[in-house]
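In this note's numbering, the protein residues as written are 469 to 907.
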């Protein structure tokens with residue numbers, strides 16, 4: 469999360485009608501731009517692709533700015549799209565989409581003071597030596613203030629935007645309506661289970677009491693791990709819409725792009741090791757791949773872990789199925805990979821054999837870092853492009869319309885986020901050695 473000096477504070481549009489109207493007017497403007505650009509291209513004798521007309525810098529800027537104003541689930545959907553885009557978009561578009569991950573509008577100061585008065589009482593300022601009303605960060609669900617309490621503790625106070633909880637269901641429904649209106653999705657694709665899960669996940673993220681519990685629960689995972697730092701909950705100041713915790717200094721993890729190679733390799737090694745520990749030992753995974761959830765503290769040379777609203781429990785059976793799939797990939801045992809993929813829910817047992825083969829091949833290729841004979845060079849592997857090519861075969865096949873289980877989707881999102889970070893830092897990691905304890 470971040471905020472800029474020139475970004476104005478804006479009240480959150482609250483009613484479903486007002487939020488849908490904003491999304492609808494945005495869609496109309498984007499469609500108008502696409503039509504105008506398309507006519508212009510045809511006049512030049514070109515035959516532009518739909519994607520090229522949609523993903524112009526002007527359209528992406530409009531989408532980013534509108535969703536940054538709306539915040540809530542509408543912006544969250546935009547964040548997910550930007551993470552999924554990864555390095556597949558042109559650099560200028562990727563730069564614009566980063567705004568969706570880190571640049572929302574803060575709430576007006578008057579609204580902030582009213583909310584804190586409701587939470588802490590009229591004398592709430594007496595509990596702090598310093599409480600700047602301008603946040604240090606603002607994102608889709610809330611904003612963060614760096615404060616000093618009356619005991620001289622440096623704290624980070626995360627404050628939820630008013631009305632966010634009430635807008636989640638309608639935002640998801642509105643976005644789904646607009647997606648369906650585009651006609652880009654296969655008609656047989658059933659989005660209902662995913663929409664239900666998206667609403668549940670967003671309600672969990674907006675429940676700061678639950679996030680506080682996850683924060684304490686997750687601390688057990690890294691309690692004896694010298695590679696990480698985590699904030700501690702300040703329960704006396706926390707509630708369902710305010711989350712108070714100790715403040716830990718750190719620089720954005722992406723800034724390590726210019727760091728020595730040995731440090732970049734160590735950071736990604738530690739994060740991958742942590743993921744295996746989350747999945748196979750604790751069955752508790754922080755599934756939000758946003759880079760802003762990681763900082764690096766240069767004084768202690770440690771990774772700072774933040775934001776546990778999207779922390780998800782997985783069943784032992786689910787984790788073990790993934791473990792068997794990975795073990796089978798290392799052994800080049802494709803029949804076992806296929807059976808594990810069916811058990812996970814990546815495909816049904818009834819799908820045609822050629823579909824089973826494609827999905828099995830995708831799973832095998834995705835596990836390539838685990839059976840590489842040397843430290844895996846993420847930036848030069850070409851793995852993303854190869855997986856995309858394989859995935860397109862599935863997308864174009866009319867025999868395969870399948871929605872994976874939500875647990876798999878959230879885990880893959882986390883895996884994808886770590887992979888993109890490893891590419892960005894040009895890290896080389898001995899993934900086989902990291903997975904060896906679980907073989």
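In this text, a Cβ means the ideal position worked out from N, Cα and C, and glycines have one as well.
**Asked** Can you give, in chain order, each stretch of the beta strand (DSSP E) that sits fully within the region 716-769 and has at least 3 residues?
**Response** Runs of the beta strand (DSSP E) inside the region 716-769: 752-754 and 762-765.
**Request:** Would you mind sorting residue 560 into buried or exposed? The rule is 16 or more other CB atoms within 10 Å of its CB.
**Result:** At residue 560 the pLDDT is 42, less than 50, meaning the model places this residue with poor confidence; the figure from the coordinates comes in the next sentence. Taking all protein chains shown into account, residue 560 has fewer than 16 neighbouring C-beta atoms within 10 Å of its C-beta and is therefore exposed.
**Message:** Need the endpoints of the beta strand (DSSP E) that residue 628 sits in, please.
**Reply:** Per DSSP, residue 628 is one residue of the beta strand (DSSP E) stretching across 622-628.
**Residue ranges of each alpha helix (DSSP H) within the region 868-899, 4 or longer** = Every alpha helix (DSSP H) of 4 residues or more that sits fully in the region 868-899 is shown, in chain order, as 874-892.
**Request:** Have a look at residue 596 and residue 754 and give me their C-alpha separation to the nearest angstrom.
**Result:** Distance between the alpha carbons of residue 596 and residue 754 is about 31 Å.
**Item:** residue 907 burial status per 10 Å Cβ neighbour count (16 or more: buried)
**Value:** Burial state of residue 907 is exposed, judged by a 10 Å Cβ sphere holding fewer than 16 other Cβ atoms.
**Message:** Does residue 704 pass the burial test, meaning 16 or more other C-beta atoms within 10 Å, or should it be called exposed?
**Reply:** Residue environment analysis places residue 704 among the exposed positions, since fewer than 16 neighbouring C-beta atoms fall within 10 angstroms of its C-beta.
**Asked** How long is the line joining the alpha carbons of residue 848 and residue 660, rounded to whole angstroms?
**Response** Approximately 38 Å between the Cα atoms of the pair.
**Asked** Helix, strand or coil for residue 771 per DSSP?
**Response** Taken through DSSP and simplified to helix, strand or coil, residue 771 comes out as strand.
**Asked** With which residues is residue 602 paired in a DSSP beta bridge?
**Response** Answer is none; residue 602 lacks a bridge partner.
**Request:** Below 6 Å CB to CB, which residues in the same chain sit around residue 890 once its five sequence neighbours on both sides are set aside?
**Result:** For residue 890, the CB contacts under 6 Å within the same chain, skipping 5 residues up- and downstream, are 736 and 846 in chain order.
**Message:** Buried or exposed for residue 603, going by 16 or more other Cβ atoms inside 10 Å?
**Reply:** Burial call: buried.
**Message:** Checking 8 Å against the spacing of the C-beta atoms, do residue 676 and residue 752 come in under that value?
**Reply:** No, Cβ-Cβ distance for residue 676 and residue 752 is not below 8 Å.
**Request:** Could you tell me whether the region 791-799 touches the region 767-778, where touching means 3 or more Cβ pairs closer than 8 Å?
**Result:** Put simply, the region 791-799 does not touch the region 767-778. Fewer than three CB pairs are less than 8 Å apart.
**Request:** Grab me the residues of residue 839's own chain with a C-beta within less than 7 Å of its C-beta, minus the 5 sequence neighbours each way, in chain order.
**Result:** Scanning its chain for C-beta atoms nearer than 7 Å, with the 5 sequence neighbours on each side dropped, one finds around residue 839 the residues 797, 798 and 900, in chain order.
**Request:** Decide if residue 733 is buried, meaning its Cβ has at least 16 other Cβ atoms within 10 Å, or exposed.
**Result:** When all chains shown are included, residue 733 counts as buried.
**Message:** So, with DSSP's three-state summary, where would you put residue 553?
**Reply:** Interpretation of residue 553 is limited by its pLDDT of 40, a score under 50 that renders its predicted location unreliable; the figure taken from the coordinates is listed afterwards. The answer is helix: DSSP assigns residue 553 an H, G or I state.
**Asked** Whose C-beta lies closer than 7 Å to the C-beta of residue 674 among residues of the same chain, with five residues either side of it excluded?
**Response** Cβ within range, chain order: 609, 628, 632, 633 and 636.
**Prompt:** Once you ignore the five residues that flank residue 716 on each side, which residues in its own chain have a CB closer than 7 Å to its CB?
**Reply:** 697, 699, 765 and 772.
**Item:** C-alpha gap between residue 621 and residue 714, whole angstroms
**Value:** Taking the straight line joining both Cα atoms gives about 8 Å.
**Cβ pair residue 669, residue 778 closer than 8 Å** = Their beta carbons are under 8 Å apart, which means residue 669 touches residue 778 by this criterion.
**Item:** Proximity of residue 882 and residue 743 at Cβ, strictly below 8 Å
**Value:** Yes; because the gap between Cβ atoms is below 8 Å, this pair is in contact.
**Request:** Please classify residue 577: is it buried, with 16 or more other beta-carbons within 10 angstroms of its beta-carbon, or exposed?
**Result:** Flag for residue 577 reads exposed.
**Request:** Pick out whichever of 842, 832 and 843 has its Cα sitting closest to the Cα of residue 854.
**Result:** Measuring C-alpha to C-alpha distances from residue 854 to each of 842, 832 and 843 identifies 832 as the nearest.
**Request:** Compute the Euclidean distance between the alpha carbons of residue 814 and residue 830, then round it to the nearest angstrom.
**Result:** The alpha-carbon atoms of residue 814 and residue 830 are separated by roughly 11 Å.
**residue 808 burial status per 10 Å Cβ neighbour count (16 or more: buried)** = The residue in question, residue 808, is buried, as its Cβ has 16 or more Cβ neighbours within 10 Å.
**Message:** Does residue 696 come out as helix, strand or coil in the three-state DSSP assignment?
**Reply:** Reduced to three states, the DSSP call for residue 696 is strand.
**residue 680 classed as buried or exposed, judged by whether at least 16 other C-beta atoms fall within 10 angstroms** = Looking at its Cβ environment, which holds 16 or more other Cβ atoms inside 10 Å, residue 680 is buried.
**Among 711, 788, 843 and 749, nearest to residue 729 - alpha-carbon criterion** = The shortest C-alpha separation from residue 729 is found at 843.
**Item:** Inter-residue Cα distance where the pair is residue 606 and residue 746
**Value:** One C-alpha to the other measures close to 28 Å.
**Alpha-carbon to alpha-carbon, residue 763 and residue 898** = If I take the Cα positions, the gap works out to 23 Å.
**Message:** Taking the straight line between their C-alpha atoms, what separation do you get for residue 787 and residue 748?
**Reply:** For residue 787 and residue 748, the distance between alpha carbons rounds to 6 Å.
**Request:** Have a look at 630, 598 and 626 and flag the residue whose alpha-carbon is nearest the alpha-carbon of residue 615.
**Result:** With distances taken between Cα atoms, residue 615 lies closest to 598.
**Request:** Write down the C-beta distance between residue 812 and residue 789 rounded to the nearest angstrom, noting that I regard them as a contact closer than 8 Å.
**Result:** Here residue 812 really is in contact with residue 789; their C-beta atoms are around 5 Å apart, less than 8 Å.
**Prompt:** With respect to the alpha helix (DSSP H) encompassing residue 793, which residues constitute its N-terminal and C-terminal limits?
**Reply:** Element bounds for residue 793: 784-798.
**Item:** Cβ shell of residue 695 (< 7 Å), same chain only, five flanking positions each side left out
**Value:** Counting only Cβ-Cβ distances below 7 Å, and skipping sequence neighbours, we find 738, 770 and 771.
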